[in-house]
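In terms of the numbering used here, the sequence shown is numbered consecutively and its last residue is 729. The C-beta atom is built at its ideal place from N, Cα and C for all residues, glycine as well. Just so you know, these numbers come straight off a predicted model, no measurement behind them. Read through the structure below, which is laid out as structure tokens, and then see the notes.
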Amino acid sequence: MALALYRKYRPGRFDDVIGQEHVTEPLKRAIDSDRVHHAYLFSGPRGCGKTSSARILARSLNCEKGPTSQPCEECDSCVALAANGPGTLDVIEMDAATHGLVDDARELRERAMFVPAQSRYKIYIIDEAHQLGPGAANALLKLIEEPPEHVRFVFATTEPDKIIGTIRSRTHHYAFRLVPVRTLATHLAGVCEAESVPAEPAALALVARAGEGSVRDAMSILGQLVSGTGPQGLTYEEAVQQLGVTDSALLDDVTAAIAAGDVSTLFVRIGDVVDSGHDPRRFVTDLLERFRDLLVLQVLGVDKAAQLVDLPEDRLPELEQMAQGFGRAELNRIADALSEALSELRGATAPRLHLELLMSEVCLPAGTADSLDLLARLDRLEHRLDTVAGRVAAAPVAPATRREPPAAANPETPVPSPAAAPTARPTRPTRPAADGEVPAPPGPPPSPSLQSPSASPRIPGPPPAPSSAAEQQPRATPSAPPRDVPLDKLIALWPRVLDRVKLNSRVAWLLVRDCQPVSISSSILTLTQSNGGAVAAFTQGGHAERVRQAILDEMHLDLTVEMTLGGDALPPPAHPAPVAATEPEIIDDAPADDDEAVEATAESGLELLQRELGGRKIAEFDTE
106 MALALYRKYR PGRFDDVIGQ EHVTEPLKRA IDSDRVHHAY LFSGPRGCGK
156 TSSARILARS LNCEKGPTSQ PCEECDSCVA LAANGPGTLD VIEMDAATHG
206 LVDDARELRE RAMFVPAQSR YKIYIIDEAH QLGPGAANAL LKLIEEPPEH
256 VRFVFATTEP DKIIGTIRSR THHYAFRLVP VRTLATHLAG VCEAESVPAE
306 PAALALVARA GEGSVRDAMS ILGQLVSGTG PQGLTYEEAV QQLGVTDSAL
356 LDDVTAAIAA GDVSTLFVRI GDVVDSGHDP RRFVTDLLER FRDLLVLQVL
406 GVDKAAQLVD LPEDRLPELE QMAQGFGRAE LNRIADALSE ALSELRGATA
456 PRLHLELLMS EVCLPAGTAD SLDLLARLDR LEHRLDTVAG RVAAAPVAPA
506 TRREPPAAAN PETPVPSPAA APTARPTRPT RPAADGEVPA PPGPPPSPSL
556 QSPSASPRIP GPPPAPSSAA EQQPRATPSA PPRDVPLDKL IALWPRVLDR
606 VKLNSRVAWL LVRDCQPVSI SSSILTLTQS NGGAVAAFTQ GGHAERVRQA
656 ILDEMHLDLT VEMTLGGDAL PPPAHPAPVA ATEPEIIDDA PADDDEAVEA
706 TAESGLELLQ RELGGRKIAE FDTE
């Protein structure tokens, strides 16, 4: 029967222990300088080399040519204490889970008084030392504090905090760490070479990551894969199937779809994950690791992030390019959503539904007032606007051509001076005059000397159609509410209604907090707002339903909520002045087709702003 790989390749010297140089080097110096302590405490995660290091320490102390940090491997003690040796009577390995009683401690104290049979020291290796009972630990306290000259103790545990402080204080404590993935993958490659099994580096990287820093776990996984390999050796595809991890190609497709906001592609890929029998939590975990790698690459770049990202070096530039499609806030928001989904997927009865909702959430940021969410939306918006600007800059531009103005029909017609020509700029909107109030005359037009001499006059389009008389008149005062509708009660309870709105939606609360109920007619509640943008956001965002529900919960009244513009709101802007009779000189900067393309691209940017931030276009102003 073949030995397991973790037993076959168990380290026999301190130099063979990987990833624990912070422990092995001080121990080697202590042995060579004859400063070995009587009791040691080795703590750390499972499979990181605690028990193996304790055996190597015992081997180094009992070597006939020692104590030495480099055992000779020839004497009887070194041969017996080898990785797969039979052991000696003077090195006693105990499991505290089965020897944790007071009687066991008393027996150990009695045996410790006898000198070693054939070695220099009698060494007790107590594994899982945190399972020592309180009585047994106290019984060993005096022996550990003042042991005989020939006795040494080594405690190994994964939970050092559970060992009583009186014992911890009498030991030299060395904390073992998880082995880095790159170091572990290199070690696995050496094992495959020793076993004459060809293995792809990508497959070994998967095994190392599956081991989670534990050498023993990684060796066990490698032994499982190697035992079932064919003549082709260990391939990446076979490792993916047996380990149940997510294929990197699938992660690439999902990441690209999230960057593009392609929810349909995400749903198709989620269907592939569920139909193939993959663990949904494993898929989310791998996706979370991918976005972590993207964040590290975006912040540090390829050169500095090479040691922090456990990926093949040839893939780092590709992933860095992929990271540029996200903003930093967007990456953080997606990582937070994936992290929260991990706990929700534990024990979920409908994992596919949870995954689909998760993908919808990461592609469509919620319209909340959360700072991280707003930053993520701005990151996405800026990225899209940069794309729009890139298309505008890449549009071909023809050389500017000068177009002469058409000849006047009557050459004797005098040309008005620039001072007499009316300006084409729209006038500032004026406040409608109240009853009995005489409006002030408009001010004189701006002097041409204040305008830039290089600015060319803009030829405006035809003036918009005049608004109706009903729209130009001031809003009528709302009629008094019916007697059976408690408007006064609603006004008195309005602060409590606002508190309920704030609990349900902070955005809706921000839009209505400055409003007051003014009328109730036919079960319709009218609110007034002096900000036109807030009125539009309230109407288009569907916030009226949230206010209606708050009124229903607080007062048990089912009212339809409407918001109108009132207060000191400004009327629509005045129409621009008529165009001068004289047509100025026009410089055609580009052909008509290019102008149409640029205007269409700018309009797409305007639609993007309206869709992402909920704004609306009010008016255009000449900035020349």
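Just to confirm, is the Cβ distance from residue i to residue j under 9 angstroms?
i	j	result
His142	Thr271	no
Leu371	Ala364	no
Leu436	Ala428	yes
Phe388	Val373	no
Gln621	Leu632	yes
Val207	Ile228	no
Ile230	Arg160	yes
Ala655	Leu595	no
Asp226	Ala163	In the sequence as presented, Asp is not what sits at residue 226; that position holds Tyr. Yes. Within cutoff.
Just to confirm the assignment, what range does the alpha helix (DSSP H) spanning residue i have?
i	result
Arg257	Note, Arg257: premise wrong, no alpha helix (DSSP H); beta strand (DSSP E) at 256-262.
Tyr100	Absent from the model: residue 100. The displayed extent of the chain is 106 to 729, so no value can be given.
Thr731	In this structure the chain extends from 106 to 729, so residue 731 is not present and cannot be described.
Ile439	433-450
Glu251	Run containing Glu251: none; DSSP gives neither H nor E here.
His143	Segment: none, His143 is in no alpha helix (DSSP H) and carries neither H nor E.
Ile269	Where Ile269 is concerned, there is no enclosing alpha helix (DSSP H), given that its DSSP letter is neither H nor E.
Ser157	155-167
Met427	421-428
Gln403	385-410
Thr360	353-365
Val220	Careful: Val220 lies outside any alpha helix (DSSP H) and carries neither H nor E.
Asp181	181-185
Asn609	599-609
Gln654	649-660
His459	456-468
What residue from the options has the CA that sits closest to residue i's CA?
i	options	result
Glu233	Arg216, Glu212, Ala201, Glu254	Ala201
Leu416	Ala222, Glu461, Leu615, Leu311	Leu311
Ala71	Ala613, Val612, Val623	As shown, the chain starts at 106 and ends at 729. That puts residue 71 outside it, with no answer to give.
Glu425	Val407, Glu418, Ala290	Val407
Leu246	Met668, Thr173, Ala187, Arg211	Arg211
Glu659	Pro600, Gly671, Arg386, Gly647	Pro600
Val617	Ile249, Thr454, Gly638	Gly638
Ser165	Tyr145, Lys133, Gly192, Asp391	Lys133
Ser626	Val612, Gly647, Asp663	Asp663
Thr351	Gly328, Thr334, Ser369, Ala308	Ala308
Ser301	Val331, Leu248, Val666, Asp322	Val331
Asp619	Lys607, Glu169, Gln634	Gln634
Arg287	Val320, Lys607, Asp209	Val320
Leu248	Gly452, Glu215, Pro131	Glu215
Glu169	Asp137, Glu130, Ser224	Ser224
Gly316	Val284, Asn636, Tyr279	Val284
Ala455	Pro385, Pro221, Ser182	Pro385
Per DSSP, what kind of secondary structure is residue i in: helix, strand or coil?
i	result
Val122	coil
Ala641	helix
Ser557	Here the model assigns Ser557 a pLDDT of 40, short of 50, so the residue's position is not dependable, and the following value carries that caveat. Residue state, collapsed to three classes: coil.
Thr370	helix
Lys170	coil
Asp232	strand
Thr633	strand
Ala323	helix
Ala149	According to the sequence as given, residue 149 is Gly; it is not Ala. Of the three classes helix, strand and coil, the one that applies to Gly149 here is coil, per DSSP.
Phe283	For the sequence presented, residue 283 should be read as Leu rather than Phe. Reduced to three states, the DSSP call for Leu283 is coil.
Gly338	strand
Ala304	strand
Val520	Because Val520 carries a pLDDT of 45, less than 50, the predicted location of this residue cannot be relied on, and the following value inherits that uncertainty. Reduced to three states, the DSSP call for Val520 is coil.
Taking 8 angstroms as the limit between beta carbons, can you name the residues of its chain near residue i, skipping five residues before and five after?
i	result
Phe281	Gln125, Val128, Phe147, Ser148, Gly149, Pro150, Cys153, Gly154, Lys155, Ser158
Ala440	Leu393, Phe396, Arg397, Leu400
Arg433	Leu400, Gln403, Val404, Asp484
Val184	Glu178, Gly190
Glu667	Ile629, Leu630, Thr631, Leu632, Ala649
Go to residue i, then tell me how far its beta strand (DSSP E) extends in each direction, as first and last residue.
i	result
Asp200	196-200
His278	277-280
Val623	621-626
Val666	665-670
Using C-beta distances below 6 angstroms, list every residue in its chain close to residue i, excluding the 5 sequence neighbours before and after it, in chain order.
i	result
Pro116	Val122, Ser157
Pro303	Gly338
Ala187	Gly117
His278	Leu146
With a threshold of 7 angstroms on Cβ separation, who are the neighbours of residue i within its own chain once the five nearest residues in sequence on each side are excluded?
i	result
Ser465	Val368
Met218	Pro253
Thr262	Ser148, Glu233, Ala234, His235, Ile268
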